[in-house]
Amino acid sequence: MKVRIAQPYHDKGIEKSVLSVLRSGRLVSGPVVESFEEEIAKYLGVKNAVAVNSGTAALHLCLLASKTSGREVITTPFSFAATANTVIQAGATPVFVDVNPETFNIDPQQVEKAVTSRTVAIEPVHVFGQPAEMKAIRESAEKHGLRMIEDAAEAIGAEYNGKKIGDTDEFACFSTYATKNLHTGEGGFITTNNDEAAATFKTLRSQGQKSKYLHVNLGYNYRLTEIAAAIGMVQIKKIDQLNQRRIENANRLTSKIRDLPALTPQAVIPNVKHIYYQYTVRIDNEKAGMSREEFRKKLAVAGIETDIHWPKPIHLQPWYRENFQYTPGMFPHAEELADTVVSLPVHSSLTKEQIGYISDNLHAILDR
Ligand SMILES: Cc1ncc(COP(=O)(O)O)c(C=O)c1O
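As numbered in the working numbering, residues 1079 to 1446 make up the sequence shown, in order.
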């Protein structure tokens, strides 16, 4: 059996939808992008969704609009590099703080300690689809008058205290990259209840144009294509169903892993809905009697793909070490996670048999 780590969702409806855009002759900035934005906003319960061509573009525009240039943005080193790259691209400095080693999300107490007179914003990441501890993080933001830019790249449909991530008066940034719970090949969007900011984002994504060839801002080409929106349109109508499959897959894996002391799944905090963009466990080499790489090799021999999210925290990436004074040991939890995490397949196209096959193999490899 072959079990892939990711499988971009695809069905006949998507084929039809893409073909209809191709036949329409309108490939950018058209009605499908507009409808996609409306559907996203309706789904998330937020006033505005602004589609762009990547989660990275979404973060970049929000950091620019939050006037972060020359200031500090507090974020996590346990994320994909885009989280911090965009801070630097917006002219600001990322200030990393460590994560909770159980939940993998930014530690609110460390956030509070890192606030200085130069801090302008907090950029929490909802790692693997589990919301960060937003109550405590929001309290810090309010106390110090900071902006909040949520990196919700992995969290479409996730909930915190019964409210969907993305329903915010500030900014939340989502990715619709190929492997995400809802994908458009490449793509992303910003959500906000702030109408004025949403209007600015719409100009910024298209060379700063307010109307055709009238450039009121220094903008970018961050436009989403109609074909990409057509792919997303089909999925937004079934995103709860797609997320539910991932949740069920994750719950099944967790129940099977419970009696394997070598593996510890990402801890889920109360009052959140985790939508499992990734199902990630930590491996204890001693209890496993093997290294992480040996463990992955054994799964690979059985046809089960795995991945490491992420093998190096951002502060230890070569570019960051060359350009900042970061050294190993500065964020021990993030560093330990990078050394011990393994992501197992959890995507919405997996069958019950495949989940059973993964569990059987985990036991065959790790039962001692
Ligand atoms: C946490 C996080 N932030 C940012 C991004 C960037 O999104 P994109 O790849 O769509 O630019 C991603 C996705 O890949 C991500 O996982």
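The beta carbon of each residue, even a glycine, is placed where N, CA and C say it ideally should be.
This structure is a prediction, so every number in the text was calculated from the model and none was measured.
Compare the beta carbon distance of Leu1021 and Asp1245 with 7 Å and say whether it is the shorter of the two.
For the chain, the structure presents residues 1079 to 1446; residue 1021 sits outside this window and is missing.
Can you confirm whether the stretch 1123-1137 touches the stretch 1272-1291 when touching is taken to mean that 3 or more C-beta pairs between the two stretches lie within less than 8 Å?
yes
With DSSP run on the structure shown, which of helix, strand or coil describes Asp1438?
In the sequence shown, the residue the question calls residue 1438 occupies position 360. Three-state DSSP puts Asp1438 in a helix.
Any heavy atom of ligand 1 closer than 6 Å to the CB of Tyr1255?
The count along the sequence shown starts at 1 and reaches residue 1255 at position 177. It does: the Cβ of Tyr1255 is within 6 Å (strictly closer) of some heavy atom of ligand 1.
Which residue comes first and which comes last in the beta strand (DSSP E) that contains Tyr1357?
Locating residue 1357 in the sequence shown gives position 279, counting from the first residue. Residues Tyr1357 to Ile1361.
Using C-beta distances below 7 Å, list every residue in its chain close to Ile1347, excluding the 5 sequence neighbours before and after it, in chain order.
Taking the first residue of the sequence shown as 1, we reach residue 1347 at position 269. Closer than 7 Å at the Cβ level, and outside the excluded window around Ile1347, lie Thr1181 and Glu1211.
Kindly list the residues whose CB is nearer than 8 Å to the CB of Leu1415, restricted to its own chain and excluding five residues on each side of it in sequence; keep chain order.
The count along the sequence shown starts at 1 and reaches residue 1415 at position 337. If we look at Leu1415 and ignore the five residues flanking it on each side, its Cβ neighbours are Phe1156, Val1177, Pro1179, Phe1182, Arg1360 and Pro1391.
Per DSSP, what kind of secondary structure is Met1226 in: helix, strand or coil?
Walking along the sequence shown from the start, residue 1226 turns up at place 148. Strand, per DSSP.
My output table needs one value for Lys1191: the three-state DSSP class, helix, strand or coil.
For this step, residue 1191 is matched to residue 113 along the sequence shown. Helix at Lys1191.
Gln1287, enclosing alpha helix (DSSP H) - first and last residue
Position 209 of the sequence shown, counting from 1, holds the residue named residue 1287. Not the alpha helix (DSSP H): Gln1287 falls in the beta strand (DSSP E), residues Gln1287 to Ser1289.
What is the DSSP secondary structure of Lys1241, counted as helix, strand or coil?
Residue numbering aside, residue 1241 sits at position 163 when the sequence shown is read from its first letter. Strand at Lys1241.
State yes or no: is the C-beta of Val1205 within less than 7 Å of the C-beta of Asn1327?
Reading the sequence shown from its first residue, position 127 is the one you call residue 1205. Reading the sequence shown from its first residue, position 249 is the one you call residue 1327. For Val1205 and Asn1327, no; Cβs fall outside 7 Å.
For Glu1237, which of Asn1349, Gly1148, Ser1218 and Asn1131 has the nearest alpha-carbon?
Position 159 of the sequence shown, counted from the start, is the residue given in the question as residue 1237. The option with the nearest alpha carbon to Glu1237 is Asn1349.
Does any heavy atom of ligand 1 sit closer than 6 Å to the C-beta of Thr1418?
Position 340 of the sequence shown, counted from the start, is the residue given in the question as residue 1418. No, Cβ of Thr1418 sits at least 6 Å from all heavy atoms of ligand 1.
Min CB distance Asp1089 to chain B below 7 Å:
The chain inventory of the structure shown lacks chain B, comprising one protein chain alone.
So for Asn1349, helix, strand or coil by DSSP?
To locate residue 1349, count along the sequence shown from 1; it is residue 271. Coil.
Which value, in whole angstroms, describes the spacing of the CA atoms of Asn1259 and Leu1331?
As a working note, residue 1259 is residue 181 in the sequence shown. As a working note, residue 1331 is residue 253 in the sequence shown. Spanning the two alpha carbons is a distance of roughly 18 Å.
Return yes when the C-beta of Ser1098 is under 6 Å from any heavy atom of ligand 1, and no when it is not.
If you number the sequence shown from 1, residue 1098 lands on position 20. No, ligand 1 has no heavy atom inside 6 Å of this Cβ.
Less than 8 Å between the CB atoms is what I'm expecting for Gly1265 and Ala1306, so what's the real figure, rounded?
As a working note, residue 1265 is residue 187 in the sequence shown. As a working note, residue 1306 is residue 228 in the sequence shown. Confirmed, Cβ separation roughly 5 Å.
Select from Ala1380, Trp1388, Ile1382 and Glu1372 the residue whose C-alpha is nearest the C-alpha of Thr1060.
No statement about residue 1060 is possible, as the shown extent of the chain runs from 1079 to 1446 and does not include it.
Would DSSP call Val1124 helix, strand or coil?
As a first step, residue 1124 must be located in the sequence shown, where it is residue number 46. Val1124 falls in the coil class under three-state DSSP.
Between which two residues does the alpha helix (DSSP H) harbouring Leu1142 extend?
In the sequence shown, residue 1142 corresponds to position 64, counting from 1. Leu1142 -> alpha helix (DSSP H) spans Gly1133 to Ala1143.
Out of Glu1431, Gly1367, Ala1380 and Gln1356, which has the shortest C-alpha to C-alpha gap to Asp1445?
Against the sequence shown, residue 1445 aligns to sequence position 367. When only C-alpha atoms are compared, the closest one is Gly1367.
Counting along the chain, where does the alpha helix (DSSP H) carrying Ala1160 start and finish?
The residue you call residue 1160 lines up with position 82 of the sequence shown. Taken as a continuous stretch (DSSP letters only), the alpha helix (DSSP H) holding Ala1160 covers Ala1160 to Gln1167.
Simplified DSSP state of Asp1385, which is helix, strand or coil:
Here residue 1385 refers to the residue found at position 307 of the sequence shown. Note: Asp1385 maps to strand in three-state DSSP.
For the beta strand (DSSP E) that contains Gly1266, what are its first and last residues?
For the purposes of this step, residue 1266 is taken as the residue at position 188 of the sequence shown. Segment Gly1266 to Thr1270, the beta strand (DSSP E) holding Gly1266.
Please identify the residue among Tyr1255, Ala1135, Glu1115 and Thr1384 whose C-alpha is closest to the C-alpha of Leu1086.
Mapped onto the sequence shown, residue 1086 falls at position 8. For clarity, residue 1086 is Pro in the given sequence; the question names Leu instead. Here the closest residue by C-alpha is Tyr1255.
Nearest-angstrom Cβ-Cβ length linking Glu1304 and Gly1108, presumed shorter than 8 Å:
Locating residue 1304 in the sequence shown gives position 226, counting from the first residue. Locating residue 1108 in the sequence shown gives position 30, counting from the first residue. Right, the Cβ-Cβ distance comes to about 5 Å (below 8 Å), so this counts as a contact.
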